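These notes are about the structure you will find just below.
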Amino acid sequence: MRKNVLKRAAAVVLTGAMLLVSLAGCGGTPSSASASTVGSSSATSATDSGAPAPTKQFVIGVAEAQANDEVTTRRAYFENFIAPTYNVKFIFSEVLKDDAAVKTFIENCIDSGVDAIIDFKSNSAQMARLCEENDVVYTVQGIPDMAPELMEGDFPLFTGWSGADNAQVGNLFRDWLEANASEDGSEGFLVSTSLAAQGNVQHVEVSRAILEGLQEKYELTYEKTIDELVASSETTNVANDKNILITLYPGSPNKETWLPGISSLLQSGKYAMFLSSGQTYNQSATAVNEVEQAFGIDIKVASIAAFSTTLTTAFNTQDPNGNPSVDMVTVKPSSALNACLFATTYNALNGAIDTACRDADGNAANYRFQMISITSPEELAMTEGWDDRDTGTWIAGKEFVDSMLVTNNPDITPEDINKIMASLNVESISAMMEKA
Amino acid sequence: MNATASVKTNDRELHLSLKERVEVIRSNRYFLMIFPFAMLALMIVIFGVATQGRFFKPSVLKGILSQAIIIGTCATGVAFIYSNGNLDISIGAVLGMASTLGVLAYNATGSVSVFVLVSVGTALALMAFNCTMSVVCHIKTITVAIVVTQIYGAITTLLIGGAGKIEIPYEVSSGMEDGGFRYIAFFAYFLFCVVIYHYTKVGRELRFLGGNESCAQQTGMSNAKATYISFLMTGLGVGLAAVFSVIDVSAVSVETGNGLGMDVMLATVLGGMSIFGGARSNAYAGLVGALTVAALNKGLLMVGVSSALIQGIRGVIFLALVYLNSERQKLLPSRVQF
């Protein structure tokens, strides 16, 4: 009996082995997979370049912090356009919850033979050191202020930071508030400060700009400083001399506690303006709609966003008052940001880190891009087809990416790349897309 | 096709269905002991072949151990809690708070010893508090854990403040890493746990209590005492894991320890142990499970499976392993597992 049992145990183990072997076969070569899904847009198709893709294939690991529209679009851009056009293979992470997870992912990527890492999560000297020790190029999406050790340290393979011009994003919110808030401020303002309390720079800047905008419009005096308010990790009613209701709600929109908290506040019926420093308009849509129906009020919603069908749906879905379910969004030209991150990484991989990735003082470069404000379905319609992952039509097509690469422009500098990025606005992108 | 098969025994021939054959295999007394190790070894061999030997490189194997060490340490400790039939999912929050206070203590004193002592001491104190709430107030340990997780998390967020992260000098963490502190401390703790668990009266009592609490109490065993011992053993492990996590990334953040409780449960079950305790519990299951998870993650990435597929594949493999590892309710005097 025991002999038979052992035979059967061996059979089970071997079955498991077959399962694992067959699963191992699930891995494909991204370049081949990508090639079959290249977008149809003539502007961005790799086959339109007229030049063969570079023969040396670089492998780049991408450490992701979130799972949302922006990430899906980025993945499509990298896999379907950049990979076949520039003969690059990408390894994408799952959602990485903390620095330890990022480190594990980078270590696994190094064992897989990556040449570079693009880090959307940690902005950390520790990761730069890990990459340095393994001859891997390291690029970060973020800003230097949040990583003083990375800014001051000596990391020859660290290319620099690429991120939004957060002051400009804040100004977009401030201008919209000036034009849309009531004269007496009686509507009540609910502000999702997102991860500002944890130091997320974009969330800090947007939250700060909203509070400054309200302060200027109503000539308010806050009892606490704006920096103190923005850094609060608790729901806070902003005490002010005019008794205007301003409530700050901190917390990650990715956490399951965020929506119930926001819903409870909205359901009080005291807020007719909901401003978010993060990308939350889609998560809060149902709660906002329910409150609008229950109280017969129109809640104006302003948020960060990315080009996506979700955004199109939001602008084309009317609330009970006949208004779009979102009133203003600031949108990242996602492919342009990702093109910048890729370009700086690719330049470093091609041996130009000292010229293309260092500023005049020899420090790691700091690249900035402008965000776009959209306030109506008509404005959104103007952007139709931009960064469309279904059709593969990208703002940052081959010509745009090529202009930032040392392989096409050997004398490129960070200043040149920043000029290219700063030139992006609705008009210039429209012209680029029409030309394409 | 007839799904039955014949099994010859000494004196007769049995006709068994596929399900019954699997049950026969799973019912073998050695199966739970051998299967998790066999799967881990098999996984390493398969990934080694699939990566043309790259998976066998010492740096890769060391990386697997390094990645498994935090969950492995916690899981080794938590085995004591699981053994006598309790659950505690607050260890992530305990680890976060212990790391935070340890880093703050280091930044205030500049002493590595103080950093280690404060981290371990905090974890011991918090686990003792959890246990006291359960024993004195007669609240289920899982209920206490759910509540204190929120409290410890909030305190940690307040202690860390607006920056969201507190760092220690890289020279300190790299010095501890280079000196082998993590590996020495881990293996010392692991051996200590194995000895206590498998070769002392305390360990036997814990397993007996987990197997049949009423019977154990009728033989004079104190559940309160056993619960305190199990929580303090876990606290020691979580405290060490807190130090390891700071060494790992030279920092502690508000996200440190998030989801650790579930990761530890998964590792324990993958290692072949019921999280509801019982006579067949052991102190090494968590480490085996943590190594399995680390090897699987690294191996799938190295053979080129995309991250979208990795999650699904991992889920399927985990389900299969958990099914094969789970105890048989009809045969064991243990609490109902599933």
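If you read the protein sequences in the order shown, they are chains A and B. Residues in the first sequence are numbered consecutively from 0, following numbering that gives the first Met the number 0. Residues in the second sequence are numbered consecutively from 0, following numbering that gives the first Met the number 0. Yeah, the Cβ is synthetic: ideal placement off N, Cα and C, and Gly gets one too. Computed from a predicted model, the values in this text were never measured in an experiment.
For the set B:C192, B:L41, B:G276, B:I167, the Cα lying nearest the Cα of T291 (chain B) is the one of B:L41. The secondary-structure analysis by DSSP pairs S191 (chain A) across a beta bridge with A:Y248, A:S275. Shown here is that no member of the region 288–318 of chain A has a Cβ falling below 9 Å from a Cβ of chain B.
Between T138 (chain A) and D118 (chain A), the CB-CB gap stays under 8 Å.
For L286 (chain B), there are no C-beta contacts with chain A under 9 Å, since the nearest C-beta of that chain is about 17 Å from it. Excluding five sequence positions before and after A225 (chain B), the CB atoms of its chain that fall closer than 7 Å to its own CB belong to N83, E204, L205, L208, given in chain order.
Shown here for K96 (chain A): not one same chain residue has a beta carbon closer than 6 Å to its own, the five before and five after excluded. Spatial neighbours of V229 (chain A) in its own chain (CB-CB distance under 8 Å, excluding positions within 5 residues in sequence) are listed in chain order as T192, A195, A196, V203, S206, R207, L210, L247. In chain order, A124, Q125, R128, E148 make up the part of chain A whose C-beta sits under 8 Å from the C-beta of Y169 (chain B). In the same chain as L171 (chain A), and ignoring 5 residues on each side of it, the C-beta atoms closer than 6 Å to its own belong to T329, S372, in chain order. When Cβ-Cβ separations below 8 Å define contact, I90 (chain A) makes contact with chain B. Contact check for G112 (chain A) against R173 (chain A) fails: the beta carbons are separated by 8 Å or more. One Cα belongs to R25 (chain B), the other to H197 (chain B), and the distance between them is close to 23 Å. Burial is judged here by how many other beta carbons sit within 10 angstroms of a residue's own beta carbon; G178 (chain B) has fewer than 16 and is exposed. Spanning the alpha carbons of L239 (chain B) and I228 (chain B) requires a straight line of approximately 17 Å.
Following the DSSP letters along the chain, one finds M145 (chain A) in no beta strand (DSSP E), marked with neither H nor E. Per the coordinates, the alpha-carbon of L219 (chain A) lies some 10 Å from the alpha-carbon of A238 (chain A). What T71 (chain A) touches in chain B, judged by beta-carbon distance under 8 Å, is nothing: the nearest beta carbon there is about 10 Å away. Of all residues in the region 245–260 of chain B, only D247, V248, S249, A250, S252, V253, E254, T255, N257, G258 place a beta-carbon less than 7 Å from a beta-carbon of chain A. In the DSSP annotation of this structure, F154 (chain A) is not part of any beta strand (DSSP E), being labelled neither H nor E. Pairing A286 (chain A) with L258 (chain A) gives a Cβ-Cβ distance under 8 Å.
Residue contact with chain A for T156 (chain B): present (Cβ-Cβ distance below 8 Å to some residue of chain A).
The residue among A:K55, A:T84, A:S121 with its C-alpha nearest the C-alpha of E63 (chain A) is A:S121. Close CB contacts of I154 (chain B) within its chain, under the 7 Å cut and outside five residues either way in sequence, are with M96 (chain order). When the beta-carbon positions are compared, F57 (chain A) and D114 (chain A) come within less than 8 Å of each other. Measuring C-alpha to C-alpha distances from Y366 (chain A) to each of A:S402, A:C356, A:A351 identifies A:C356 as the nearest.
When the beta-carbon positions are compared, Y270 (chain A) and I303 (chain A) stay at least 8 Å from each other.
For L404 (chain A), the closest of A:W385, A:F368, A:T354, A:I428 by C-alpha to C-alpha distance is A:T354. A contact is defined here as three or more CB-CB pairs under 8 Å, and the region 393–400 of chain A meets this definition with respect to the region 326–345 of chain A.
Under DSSP, M42 (chain B) takes part in no beta bridge, so it has no partner. Contact annotation: P252 (chain A) and E233 (chain A) have beta-carbon atoms that are not nearer than 8 Å. For the pair Y81 (chain B) and M232 (chain B), the CB atoms are not nearer than the 8 Å cut-off. Ranking A:Q317, A:F294, A:S324, A:D318 by CA distance to the CA of A301 (chain A) puts A:S324 first. Note that the C-beta distance between V61 (chain A) and I90 (chain A) is below 8 Å. Listed in chain order, the non-local C-beta contacts of A284 (chain B) below 6 Å within the same chain comprise T267, G270, G271, M272, local neighbours out to five positions each way being set aside.
Pairing S172 (chain B) with S65 (chain B) gives a Cβ-Cβ distance that is not under 8 Å.
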